[in-house]
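Numbering (this note's numbering), first residue to last: 854 to 1161.
Please read the structure below before turning to the comments.
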Ligand code: 13P
Ligand code: SF4
C-alpha cells in the first residue's frame, strides 16, 4: 500500500472513531499496521480490563472471536464489532459445553479454572477465568488443594510447576501453534545466537519452557525487554510480538523461533477491514443473554483478582 493511501485510511478511521465514539482494541498478535489506529494494544488480560472500563459506545475488537465475546460480556450495552468474521481460535474450539460437563463430572466439587481462550458457553459453567499473565495468581486465589484447568494443558502444567502445593488436573487442549515449537529449534538457535535471551509464552510445552530465560504472556515478554538491557532475544511466541519489538527497539536483535509461530486467525484484520467495520458497524458480536450473565461472574472474578 502506498504511504499516502495508508495515511488517508488512518485519517478516515480516526475521524470515524471520534464521530461514533468508538475505541479500537488490538491484541499484539495482530498485523502491526493496525497499531496506528488502535487505542490500546496488549495481551488478553489488558484487553479485558480495558473493555470492562471504557465508556466508548462502540468497541472495535482486533483479535479472535473469544476476545470480542469477552468484551461483549463485560460491556453488554456496548456495540462490539469484529472486522473479520470467522477469526476463531483452535484452542477455544477444543472444548465445548458437553465436554466441559463430562470433565467436571469426573471431579465433583473441584473448582474449574478456564483460560479465556474458550467459548462464552464454556466460561458460563466454570468458577473463574484466567489469562496467561495471571493464571498462577488466579489458581492461588482459590486456596484449593485440587483444581481443574482447561482447555490448555501446557498452561495448566506450567501453573502446576509453579504451585506444587496444588494438584492441577488439566484438560487436553492446546494451542497447535505454540505446541508445534520444538526443543531442537530452540537449541539450534541458542547455538547460533549464544548471547540471546530466550523468552517463551506458557502455551508451549514443558520441555520447551525448560529452555527459557523468562516465561510470560505477550505483554510480559515485551515488558521484560523494556526492563532489561540485553541486545539479542529469541522470541518463542507468535510473530506479531516480534514485529512490534523490532519496530520499538530497532537497535536490538529479535529472532522469531520458527516461521510456524504464525496464527492465521490473528492476521485477518488490516486497515481496510477496520475502516469497513466502522463505516458499516459490522460485524456485531452477540452473546446469548443468559450465557453472558453466567459467564460474567468468572470473568469478573478474574479481573478483580488483579486488583487484590
Ligand atoms: P496472551 O495471554 O499473552 O494475550 O496470549 C494469549 C493468546 O494466545 C492469544 O491467542
Ligand atoms: Fe488461539 Fe493459538 Fe491463535 Fe492464540 S495463537 S488465538 S491460542 S490458535
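In this text, a Cβ means the ideal position worked out from N, Cα and C, and glycines have one as well.
Source: prediction; values computed, not measured.
{"Query": "How is residue 1005 classed by DSSP in three states: helix, strand or coil?", "Result": "strand"}
{"Query": "Could you compute how far the alpha carbon of residue 1097 sits from the alpha carbon of residue 1032?", "Result": "22 Å"}
{"Query": "Whole angstroms is fine: what's the gap from residue 1035's alpha carbon to residue 864's?", "Result": "43 Å"}
{"Query": "With distances taken from CA atoms, which of 889, 932, 939, 908 is nearest residue 919?", "Result": "939"}
{"Query": "Relative to the C-alpha of residue 1074, which residue among 875, 860, 854, 881 is closest?", "Result": "881"}
{"Query": "Going straight from the alpha carbon of residue 979 to that of residue 1011, what length do you get?", "Result": "20 Å"}
{"Query": "List the residues that DSSP assigns as beta-bridge partners of residue 1087.", "Result": "1051, 1108"}
{"Query": "So who's on the other strand from residue 913, going by DSSP bridges?", "Result": "877, 934"}
{"Query": "What are the partner residues of residue 1023, as DSSP defines its beta bridges?", "Result": "1002"}
{"Query": "List the residues that DSSP assigns as beta-bridge partners of residue 1067.", "Result": "1052"}
{"Query": "Residues around ligand 1, please: the condition is that the C-beta lies closer than 5 Å to some non-hydrogen atom of it.", "Result": "896, 897, 984, 985, 1070, 1071"}
{"Query": "If you draw a straight line from the alpha carbon of residue 1094 to that of residue 1071, how long is it in whole angstroms?", "Result": "7 Å"}
{"Query": "Given this structure, state the Cα-to-Cα distance separating residue 936 from residue 1150, to the nearest angstrom.", "Result": "27 Å"}
{"Query": "Kindly give me the distance between the Cβ atoms of residue 1128 and residue 912, rounded to whole angstroms, as I take these residues to be in contact under 8 Å.", "Result": "Incorrect: roughly 16 Å between the Cβ atoms, too far for contact."}
{"Query": "Can you tell me which of the three DSSP states residue 940 falls into?", "Result": "coil"}
{"Query": "Looking at residue 943 and ligand 2, is the gap between the Cβ and the nearest heavy atom below 6 Å?", "Result": "yes"}
{"Query": "Where does residue 958 land, buried or exposed, given buried means 16+ other C-beta within 10 angstroms?", "Result": "exposed"}
{"Query": "Beta carbon of residue 1068: closer than 6 Å to some heavy atom of ligand 2?", "Result": "no"}
{"Query": "Considering only the beta carbon of each residue, do residue 981 and residue 1116 sit closer than 7 Å?", "Result": "no"}
{"Query": "Report yes if the C-beta of residue 1091 is less than 6 Å from at least one heavy atom of ligand 2; otherwise report no.", "Result": "yes"}
{"Query": "For the candidate residues 991, 1102, 1090, 1069, whose alpha-carbon lies nearest to that of residue 1166?", "Result": "Because residue 1166 is not part of the residues shown, which for the chain are 854 to 1161, the question remains open."}
{"Query": "Out of 1106, 1091, 909, which has the shortest C-alpha to C-alpha gap to residue 1082?", "Result": "1106"}
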